[in-house]
Amino acid sequence: METITITVGKKTFILDKTKAEEAFNSKKVINGRQTMFFNILPLKYQWAYDLYKTMKANHWEPEEIPMQEDCQQWRDTNGNITDIDRWIIKMAIGYFSAAEGIVGDNIIHVVREVVTAPELKLVLGRHAHEENIHADSLVYMISSLGINPHECEAMFEDIPTIAKKAAFVVNNSRALRRKLDLTKLEDKQALAHNMFLFGQCMEGTQFYGLFGMVLSLARQNKFPGIGNMFKYTLRDESNHIDLFCRLLLELVKENPDIWTPAFREELRQLMATAVALEKDFIRDCLPINGLGLSSKEFEQYIDFIADRRLRNCGLEPLTVDPVNPFPWLSEMMDLKKEQNFFEGRVTEYQKSANLETVSDDEL
Ligand SMILES: [Fe+2]
Ligand SMILES: [Fe+2]
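Numbering (my numbering), first residue to last: 45 to 407.
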């Protein structure tokens with residue numbers, strides 16, 4: 045037996061080196077070593093730990109973002125704020141107030157439940173917590189603007205394009221809870237399907253129609269507090285999309301039997317469905333042209349985003365040479381350019397260099 049000897053004072057501990065190496069080697073995305081211990085070290089998935097640190101350094105709290113101007117604008121009767129502007133905010137609140145929690149719930153009850161490596165569980169825990177922050181930011185927006193909370197629930201159930209987007213992900217998540225037997229290929233594929241559905245189709249694509257619209261409003265100095273919250277949410281989402289993309293790729297690397305041509309096409313078609321649902325939803329958000337932008341431009345933006353998600357996961361894009369109609373949107377994400385972004389109130393969160401490294405690639 046190869047051993048490691050540690051002497052502390054008068055005590056000597058002899059550790060089995062082979063056993064330790066075996067434990068490390070049996071760290072896996074799924075079907076790893078069954079253990080009651082939660083040892084993050086030694087790291088097998090360094091990227092997951094690094095991403096956890098990045099996410100933690102981006103921490104923000106909704107209540108630290110001023111909403112006074114938003115409240116004044118919400119009550120504006122001088123015509124500076126149009127009905128379509130208010131409708132977009134209502135759709136954003138109606139959709140996201142439930143969608144954020146759906147993502148967090150899926151992480152806790154499906155993905156984190158079956159993932160076995162502790163550093164992966166760690167970053168997934170942070171991801172779920174960020175969804176709580178996002179959900180709470182909606183509570184803050186609703187209460188600040190004085191919107192009837194029942195209206196949000198009603199919007200989620202009564203607006204068919206929102207209900208369809210919700211059913212698209214919730215039905216999948218519910219079906220997988222505590223039902224996966226990951227020794228079977230079909231269940232491993234079901235997990236991979238779920239990761240792609242939530243990470244790339246929902247957070248990666250179906251969040252982006254409204255992100256674009258709310259940031260368009262912010263660009264016109266409309267609802268600046270809500271705009272700032274969405275910018276911070278969007279920055280978090282880009283980490284979530286990255287996390288689920290990497291997790292999927294690691295899962296496939298360790299279980300190459302998942303990645304059949306038929307399965308890859310299944311994911312592509314899943315994205316095609318997500319895009320179609322998002323385009324219907326965009327047409328409800330912008331039933332007439334508002335913001336100086338047409339729903340067609342937002343639909344084109346979704347094609348562009350969806351193909352980026354597919355390519356990052358090693359899948360064939362759906363459209364030929366999609367063009368980003370909103371290059372300014374990437375620019376708005378560059379927080380470095382924002383002066384007094386939080387009027388200096390949360391500068392303690394800006395210690396990290398992470399705030400300065402948001403790239404155009406995140407949109
Ligand atoms: Fe979120
Ligand atoms: Fe997210």
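Ideal Cβ placement from N, Cα and C applies to all residues, glycine included.
Query raised in the report: So, using beta-carbon positions, are residue 158 and residue 168 closer together than 8 Å?
Result: no
Query - Distance, residue 310 Cα to residue 278 Cα - result: 27 Å
Requested in this report: Give every residue of the same chain whose Cβ lies closer than 7 Å to the Cβ of residue 125, excluding the five residues on either side of it in the sequence, and list them in chain order.
Outcome: 117, 266
**Report entry** Assumed close pair residue 146, residue 198 - CB separation to whole angstroms, cut-off 8 Å
**Finding:** Contact flag wrong, Cβ pair sits at about 17 Å.
Report task. Just the C-alpha distance for residue 343 and residue 151, rounded to the nearest angstrom, thanks. Result -> 28 Å
Requested in this report: Could you check the C-alpha separation between residue 281 and residue 52 for me, to the nearest Å?
Outcome: 46 Å
Report task. In angstroms with no decimal places, state the Cα-to-Cα distance between residue 325 and residue 338. Result -> 13 Å
Query raised in the report: With a CB to CB cut of under 7 Å and the five nearest residues on each side skipped, what residues in its chain are close to residue 283?
Result: 95, 98, 99
Requested in this report: At 4 residues or longer, and completely inside the stretch 162–233: list those alpha helix (DSSP H) runs for me, N to C.
Outcome: 162–189, 193–202, 204–220
Query - residue 147: CB within 7 Å of a non-hydrogen atom of ligand 1 - result: yes
Requested in this report: Name, in chain order, the residues that DSSP records as bridge partners for residue 60.
Outcome: 47
Requested in this report: Let me know the alpha helix (DSSP H) ranges lying completely inside the stretch 285–363, each 4 residues or longer, listed in chain order.
Outcome: 305–329, 339–356
Query raised in the report: When you compare each of 216, 346, 137 to residue 258 by their alpha carbons, which one comes out closest?
Result: 137
Query raised in the report: Between which two residues does the alpha helix (DSSP H) containing residue 245 stretch?
Result: Premise fails: residue 245 is in no alpha helix (DSSP H) and is neither H nor E.
Query - Check whether residue 249 and residue 364 have beta carbons under 8 Å apart - result: no
Query raised in the report: Going by C-alpha distance, which of 237, 78, 206, 228 is nearest residue 217?
Result: 237
Query raised in the report: Going by the C-beta, is residue 247 closer than 7 Å to any heavy atom of ligand 2?
Result: yes
Query raised in the report: Got a sec, what are the start and stop residues for the alpha helix (DSSP H) residue 98 sits in?
Result: 90–101
Query raised in the report: Can you list, in chain order, the residues of its chain whose CB lies under 7 Å from that of residue 234, leaving out five sequence neighbours each side?
Result: 220, 224
Query raised in the report: Where does residue 292 land, buried or exposed, given buried means 16+ other C-beta within 10 angstroms?
Result: buried
Report task. Count the other C-beta atoms from every protein chain shown that fall within 10 angstroms of the C-beta of residue 171, then say buried if there are 16 or more, exposed otherwise. Result -> buried
Report task. For residue 395, collect the residues of the same chain with a Cβ closer than 8 Å to its Cβ; drop the 5 residues on either side in sequence, then sort them by chain order. Result -> With a pLDDT of only 43 at residue 395, under 50, the local geometry of the prediction cannot be trusted, and the value read off the model is given with reservation. Within the same chain, residue 395 has close Cβ partners 101.
Report task. Below 8 Å CB to CB, which residues in the same chain sit around residue 207 once its five sequence neighbours on both sides are set aside? Result -> 200, 201
Query - Straight-line Cα distance separating residue 162 from residue 83 - result: 6 Å
Query raised in the report: What residue from 232, 356, 287, 288 has the CA that sits closest to residue 303's CA?
Result: 232
Query raised in the report: Among all the DSSP beta bridges, which residues are the ones paired with residue 55?
Result: 52
Query raised in the report: Can you name the start and end residues of the alpha helix (DSSP H) that residue 254 belongs to?
Result: 252–263
Requested in this report: Take residue 119 as the anchor and find which of 180, 140, 153, 188 has the nearest alpha-carbon.
Outcome: 188
Requested in this report: Return helix, strand or coil for residue 154, following the three-state DSSP convention.
Outcome: helix
**Report entry** Own chain partners of residue 382 with C-beta closer than 6 Å, once the 5 adjacent residues on each side are dropped
**Finding:** Any reading at residue 382 needs caution, since the residue's pLDDT is 41, under 50, leaving its predicted position unreliable; the model's value is listed next. Nothing meets the Cβ criterion.
Query raised in the report: Measuring from the CB of residue 280, is there a heavy atom of ligand 1 at a distance below 7 Å?
Result: yes
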